[in-house]
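**Q** The opening residue of the sequence shown carries number 0 in numbering that gives the first Met the number 0; numbering runs sequentially from there.
Ideal Cβ positions, reconstructed from N, Cα and C, are used throughout, including at glycine.
Dropping a structure here in structure tokens format, bear with me for questions.
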Amino acid sequence: MLFLSKLIPVFFYPLGFALLLILLSGALLCMRQTRQALWCLLLSGLTLFLFSTEIVAFTLAKSLERQYLPPLIADIKGDAIVSLGGAGRPKRFPRDQAEFNEAGERLFHSIRLYKAGVAPWVIATGGGIDFILPGQVEADDMRAVMVEFGLPDSVLLLEGKARNTYENALYTKALLAEKGIGLNVVLVTSGMHMPRSVAIFKKAGFLVVPAPTDYLIEDKSYNWYSCLPRAENLCLSTQAIKEWIGILAYKMLGRL
Numbered sequence: 000m001l002f003l004s005k006l007i008p009v010f011f012y013p014l015g016f017a018l019l020l021i022l023l024s025g026a027l028l029c030m031r032q033t034r035q036a037l038w039c040l041l042l043s044g045l046t047l048f049l050f051s052t053e054i055v056a057f058t059l060a061k062s063l064e065r066q067y068l069p070p071l072i073a074d075i076k077g078d079a080i081v082s083l084g085g086a087g088r089p090k091r092f093p094r095d096q097a098e099f100n101e102a103g104e105r106l107f108h109s110i111r112l113y114k115a116g117v118a119p120w121v122i123a124t125g126g127g128i129d130f131i132l133p134g135q136v137e138a139d140d141m142r143a144v145m146v147e148f149g150l151p152d153s154v155l156l157l158e159g160k161a162r163n164t165y166e167n168a169l170y171t172k173a174l175l176a177e178k179g180i181g182l183n184v185v186l187v188t189s190g191m192h193m194p195r196s197v198a199i200f201k202k203a204g205f206l207v208v209p210a211p212t213d214y215l216i217e218d219k220s221y222n223w224y225s226c227l228p229r230a231e232n233l234c235l236s237t238q239a240i241k242e243w244i245g246i247l248a249y250k251m252l253g254r255l
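Here it is, written out as structure tokens:
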């Protein structure tokens, strides 16, 4: 099930969908259906072009990021700060230590919230997927970085089994129950990931205070440059589509 949940969405992302159309056009050419093959090629090119433009990519991303804006830190309190994984690069050659991508801002925002007195506990939740990175437990890497940057180890609890956002909620709930900590949590994740995360955690029985970070899109005016295709925009479109597919799939599974 986990393998399929990672594989199937690939063909709904712009690049995967375009590649399917190219393969289909090749099959149609073999069957001498030239007109249909050309239409498939045209649609594949149009797909890649549109989702590589700033206008389309930013619109998709903003549809998620603007659902939750950063609250005033002074106004939020909780039983625990829950910092979601998904940003780690493990300690493997040539890295001499674990590193994090731009979503690693989740860790630093969690530290910031703790130091502001938002909650007495910080939960780092994130496991690993064996067929992607065998042996990785992201929570261990999260701990190393958070402690290095000033979070007391004594207030940090690790959840290292979760392989997706649903399991983040499931295993974090069990951990909090084991430690006698309440379910009023301050949830820290990327702005684009927050809508799905909030819905999943609420469904699991948490009282959620969203504390988003790692916003990728700022308000700006579009111009001619916004219509040019760029690889980073294709990546951004793919991230947003991944979230919307996740929301739809989790609704169908009754997890939202």
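(1) Within 10 angstroms of the Cβ of MET251, are there 16 or more other Cβ atoms? Answer buried if so, exposed if not.
(2) What's the C-alpha gap between ILE7 and LYS241?
(3) Grab me the residues of LEU19's own chain with a C-beta within less than 7 Å of its C-beta, minus the 5 sequence neighbours each way, in chain order.
(4) Tell me, please, which residues DSSP counts as bridged to ASN183.
(5) When the Cα atoms are used, what is the spatial distance from LYS172 to GLN32?
(6) Look up VAL256 in the DSSP assignment and say whether it is helix, strand or coil.
(7) Look at the alpha carbon of ASN163 and the alpha carbon of PRO93, and state the distance between them as a whole number of angstroms.
(8) In chain order, what are the residue ranges of uninterrupted beta strand (DSSP E) at least 3 long that sit wholly in the stretch 7 to 86?
(9) If we call anything under 9 Å between Cβ atoms a contact, is GLU53 one with ARG229?
(10) Check whether the Cβ atoms of ALA123 and LEU155 lie closer than 9 Å to each other.
(11) ILE216 and LEU233 - do their beta-carbons sit closer together than 9 Å?
(12) Is the distance from the Cβ of ALA97 to the Cβ of GLY126 below 9 Å?
(13) Can you give me the start and stop residues for the alpha helix (DSSP H) that GLU158 sits inside?
(14) Closer than 7 Å by C-beta to TYR214: which residues in its own chain qualify, once you throw out the five before and the five after it? Chain order, please.
(15) Along the chain, where does the alpha helix (DSSP H) containing VAL144 start, and where does it finish?
(16) Within the same chain, show all residues whose beta-carbon is closer than 8 Å to that of ALA239, passing over the 5 residues directly before and after it, in chain order.
(17) So what does DSSP say about SER225, is it helix, strand or coil?
(18) Can you name the start and end residues of the alpha helix (DSSP H) that ALA168 belongs to?
**A** Taking the definition as stated:
(1) By the 10 Å Cβ count, MET251 comes out exposed.
(2) Roughly 11 Å separates the two Cα atoms.
(3) Spatial neighbours of LEU19 in its own chain (CB-CB distance under 7 Å, excluding positions within 5 residues in sequence) are listed in chain order as PHE10.
(4) Bridge partners of ASN183: LEU206.
(5) Roughly 56 Å between the two C-alpha positions.
(6) There is no way to answer for residue 256, as the model of the chain reaches only from 0 to 255.
(7) If you take the alpha carbons of ASN163 and PRO93, they lie about 27 Å apart.
(8) You should have 79 to 83.
(9) Yes, they are a contact pair.
(10) Their beta carbons are under 9 Å apart, which means ALA123 touches LEU155 by this criterion.
(11) Taking 9 Å as the cut-off, the beta carbon of LEU233 is found no closer than this to the beta carbon of ILE216.
(12) Contact: no.
(13) GLU158 -> not in any alpha helix (DSSP H); beta strand (DSSP E) instead, spanning 155 to 158.
(14) Beyond the five residues adjoining it in sequence on each side, TYR214 comes within less than 7 Å, by CB distance, of GLU64 and GLY190 in the same chain, given in chain order.
(15) Following the DSSP letters along the chain, one finds VAL144 inside the alpha helix (DSSP H) bounded by residues 137 to 147.
(16) Cβ within range, chain order: ALA56, LEU59, ALA60, SER62, LEU63 and MET191.
(17) Looking at SER225 - three-state DSSP - the assignment turns out to be helix.
(18) Segment 164 to 178, the alpha helix (DSSP H) holding ALA168.
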